[in-house]
Amino acid sequence: MTGPMQIELSIGGMTCASCAARIEKKLNRLDGVTATVNYATEKARVTFGDGVVPEDLVATVQKAGYTAALPAPPQEEAPEADPDAALRQRLVVSAVLSLPVVLLGMVPALQFEYWQWLSLTLAAPVVVWGGLPFHRAAWTNLRHGAATMDTLVSLGTGAAFLWSLYALFLGTAGEPGTTHGFSLAVTRTDGSGDVYLEAAAGVTTSLLAGRYAEARAKRRAGSALRALLELGAREVSVLRGGAETRVPVEQLHAGDLFVVRPGERVATDGEVVEGSSAVDASMLTGESVPVEVGPGDPVVGATVNAGGRLVVRATRVGADTQLAQMARLVEEAQNGKTQVQRLADRVSGVFVPVVLALAAGTLGFWLGTGAGLAGAFPAAVAVLIIACPCALGLATPTALMVGTGRGAQLGILVRGPEVLESTRRVDTVVLDKTGTVTTGRMSLTGVVAADGEDPDEVLRRAGALEDASEHPIAAAVAAAARERLGALPAVTGFGNEAGLGVRGTVDGVPVVVGRPALVGPLAPELAEAVATADAAGRTAVAVGWDGAARGVLVVADTVKPTPAAAVRQFRDLGLRPVLLTGDSAAAAAAVAAEVGIDDVVAEVLPQDKVEAVRRLQAQGRTVAMVGDGVNDAAALAQADLGLAMGTGTDVAIRASDLTLVRGDLRAAADAVRLARRTLAVIKGNLFWAFAYNVAAIPLAMAGLLNPMIAGAAMALSSVFVVTNSLRLRRFAPLPGNATSAVPG
1 MTGPMQIELS IGGMTCASCA ARIEKKLNRL DGVTATVNYA TEKARVTFGD
51 GVVPEDLVAT VQKAGYTAAL PAPPQEEAPE ADPDAALRQR LVVSAVLSLP
101 VVLLGMVPAL QFEYWQWLSL TLAAPVVVWG GLPFHRAAWT NLRHGAATMD
151 TLVSLGTGAA FLWSLYALFL GTAGEPGTTH GFSLAVTRTD GSGDVYLEAA
201 AGVTTSLLAG RYAEARAKRR AGSALRALLE LGAREVSVLR GGAETRVPVE
251 QLHAGDLFVV RPGERVATDG EVVEGSSAVD ASMLTGESVP VEVGPGDPVV
301 GATVNAGGRL VVRATRVGAD TQLAQMARLV EEAQNGKTQV QRLADRVSGV
351 FVPVVLALAA GTLGFWLGTG AGLAGAFPAA VAVLIIACPC ALGLATPTAL
401 MVGTGRGAQL GILVRGPEVL ESTRRVDTVV LDKTGTVTTG RMSLTGVVAA
451 DGEDPDEVLR RAGALEDASE HPIAAAVAAA ARERLGALPA VTGFGNEAGL
501 GVRGTVDGVP VVVGRPALVG PLAPELAEAV ATADAAGRTA VAVGWDGAAR
551 GVLVVADTVK PTPAAAVRQF RDLGLRPVLL TGDSAAAAAA VAAEVGIDDV
601 VAEVLPQDKV EAVRRLQAQG RTVAMVGDGV NDAAALAQAD LGLAMGTGTD
651 VAIRASDLTL VRGDLRAAAD AVRLARRTLA VIKGNLFWAF AYNVAAIPLA
701 MAGLLNPMIA GAAMALSSVF VVTNSLRLRR FAPLPGNATS AVPG
């Protein structure tokens, strides 16, 4: 008896969230199977036990009318063509053809003698070819006894088009000089003189626009994983027979010795065998100070060697590395996120069957009263047309277009509609420290000189010596010395003390800079400065010459100028700020006190960051996460709302829902406000679009909806939706935040 196995299937053919729910239900009916289907990533994560093989899972999905594929072995991928190109082409062609059809159908002044035949010529390819995705999905759903909004769109546009053909070829609508005049009288007609071409083409094009916006958002959902895996080294110098051989990283095996030169990425997780250096792990761990490593110390793949040459023995390769585990964390967080269904899809399970039943009932009623097919069919078609979601097709895309456009002007990039659902309920904002609240770069914060020594002279000699070193702390000291004192003196006899510091001669005097143990005994005032720096989570560097300690330099990752104001704005929005970092507890506490945060979680690994977010969610909180590093990617994906600093890594940005282009934390407060406002507008649009349908359906059933009133009502509904969305253009940042906006 083996334990449960897990597999991930690639699903194709889904057109709405109800498709994902249908596949999930089919899979979960199998004995011993637990499945979660993610519509956004088009993946199904399936856990199954004995008695079930992966081929059974694929067959079950295929029987439901969709496609499924088992995971493919890893291989070098060719550059992918734009997957949205076909849909974009369909949308553009349909829009170009539909515009004159709508204008001709709605503006009597434009209706020349044979206008209706031109409309037919232009509308036919839109309804047949442009609407093919909806017709294909409706047919698939029909074969499996299901109905979605695709069904309604296909039936409504198809019925409108077919009746227009009847009216043109067999009725009176095709006669020269026929016009659609404006009449406010509500009267029954036999339908033989009415065409619905503008409704059929307009509905198809507006819904294609919504489908295109949705496809682009879905395609970006999995890009975080690709970017994360691309961080790793491509090639590695392996030691074989005492010689270095350059090979692809895939050929590296556990136990192999490989070389990491200064500036190179560590190829895989391993243990240092020879050499010493400082390794910059900030992208993976959040630790702002580079970690000194030597023989026996572990190193992690994708970190950067900032100092000397290292020889490393590989301990974990491929899928076992920490980088690969983090990729799995991001994927699991995305798949585990509650599936967000559009309001239109959530009600489609009830709305679509009811509309179909009402249309059939209308047809049967008028036939039963002796009105004949010419009188009954237009009423049934009118029910489908008036219920067809024209305004619904505009409700989300127009609000998103205006809201995201305004957001871009303010330095806020919104991924797509699914990210907005939870913003209204967000009550906790988790902030990464390094790169988000702080600059992520080391800088000199203080110079303490021993009694009788000149602080400038201490900094000048230390800066000159550190200028010859590649260490990030050394670079911070040298930069500060050059900025304050100008040109620095030359250094001779420079040498590196592994893991301790540097030596050299400045102005003919032997100078030592590094750990206090390298410099020698410290005077009381210097020892106190070191203790104070350690307590605040800062790094103390001792400086000495002529056999005595002359001063202490304090280096730290400094707080950005805006986070304190941002934290106050979060509190005003009802959000509880939490500081989350892989840095030391002392450093985290000092930063939290400076910006006004009470809740701090420090010294956490990437896995712990995800767990910290999950713990808050388990307490019933809706969590927004703000981060910028690779180590934040999984937590950003896990959070109900992920916000990435645009100055951070591509992995963090792609795993997030919102990106703050300028890296100003104050923009996060505006991002939450903008997301909430956009969501409110979308919900308002959807409500009025449905209200219009519900109010007009009884008129259509009664046969009292003449085509021009129906067309005008649909146009007014769409105009209302667009106008309501345009209100988002007036969205303004909070007072004082305007400086973070991007001119636009």
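Residue numbers 1 to 744, in full-length UniProt numbering, belong to the letters of the sequence shown in order.
Where a beta carbon is used, it is the ideal one built from N, C-alpha and C, also for glycine.
Endpoints, beta strand (DSSP E) assigned at residue i
i, result
"Ile7", "Met5 to Gly12"
"Lys43", "Lys43 to Phe48"
"Glu235", "Glu235 to Arg240"
"Leu257", "Leu257 to Val260"
"Leu413", "Ile412 to Val414"
"Ala542", "Thr539 to Trp545"
Exposed unless 16 or more other CB atoms sit within 10 angstroms - verdict on residue i
i, result
"Arg29", "exposed"
"Ala535", "exposed"
"Val354", "exposed"
"Asp50", "exposed"
"Glu244", "exposed"
"Met106", "buried"
"Arg143", "exposed"
"Ala669", "buried"
"His253", "exposed"
"Met5", "exposed"
"Pro74", "The predicted model places Pro74 with a pLDDT of 47, which falls under 50 and marks its position as unreliable, so this point remains unresolved."
"Leu699", "buried"
"Leu208", "buried"
"Glu42", "buried"
"Glu198", "buried"
Extent of the continuous alpha helix (DSSP H) run through residue i
i, result
"Pro133", "Leu132 to Arg143"
"Phe687", "Arg666 to Met701"
"Gly105", "Ala85 to Met106"
"Ser119", "Trp115 to Pro125"
"Val61", "Pro54 to Lys63"
"Val513", "Where Val513 is concerned, there is no enclosing alpha helix (DSSP H), although the beta strand (DSSP E) it sits in stretches over Val509 to Gly514."
"Val604", "That residue, Val604, is in no alpha helix (DSSP H); it is neither H nor E in DSSP."
"Phe591", "It should be pointed out that residue 591 corresponds to Val in this sequence rather than to Phe. Counting along the chain, the alpha helix (DSSP H) containing Val591 begins and ends at Ala585 to Val595."
"Ala281", "Note, Ala281: premise wrong, no alpha helix (DSSP H); not H, not E."
Residue i (DSSP reduced to helix, strand or coil)
i, result
"Ala267", "coil"
"Pro561", "coil"
"Arg246", "strand"
"Ser469", "coil"
"Asp427", "coil"
"Gly375", "helix"
"Val530", "helix"
"Asn737", "coil"
"Leu310", "strand"
"Gly323", "Looking at the sequence itself, residue 323 is Leu, so the reference to Gly does not match. Leu323 falls in the helix class under three-state DSSP."
"Arg576", "strand"
"Ser164", "helix"
"Pro298", "strand"
"Gly493", "strand"
"Ala535", "helix"
Through-space distance from residue j to residue i, alpha-carbon basis
i, j, result
"Ala123", "Arg676", "38 angstroms"
"Gly307", "Val272", "14 angstroms"
"Val511", "Arg503", "6 angstroms"
"Asn737", "Pro563", "12 angstroms"
"Val52", "Ser154", "37 angstroms"
"Val543", "Val552", "6 angstroms"
"Gly361", "Ala159", "16 angstroms"
"Arg240", "Thr268", "17 angstroms"
"Thr172", "Gln111", "16 angstroms"
"Asp451", "Ala549", "11 angstroms"
"Arg316", "Asp297", "14 angstroms"
"Val304", "Trp688", "55 angstroms"
"Ala59", "Arg246", "44 angstroms"
"Ile473", "Gly514", "10 angstroms"
"Arg90", "Trp129", "8 angstroms"
"Ser277", "Pro290", "9 angstroms"
"Leu323", "Gly232", "8 angstroms"
Cβ separation of residue i and residue j, assumed to be a contact under 8 angstroms, to the nearest whole Å
i, j, result
"Leu459", "Leu485", "7 angstroms"
"Ala302", "Val266", "7 angstroms"
"Ile682", "Ala395", "6 angstroms"
"Glu274", "Val311", "4 angstroms"
"Val61", "Ile23", "6 angstroms"
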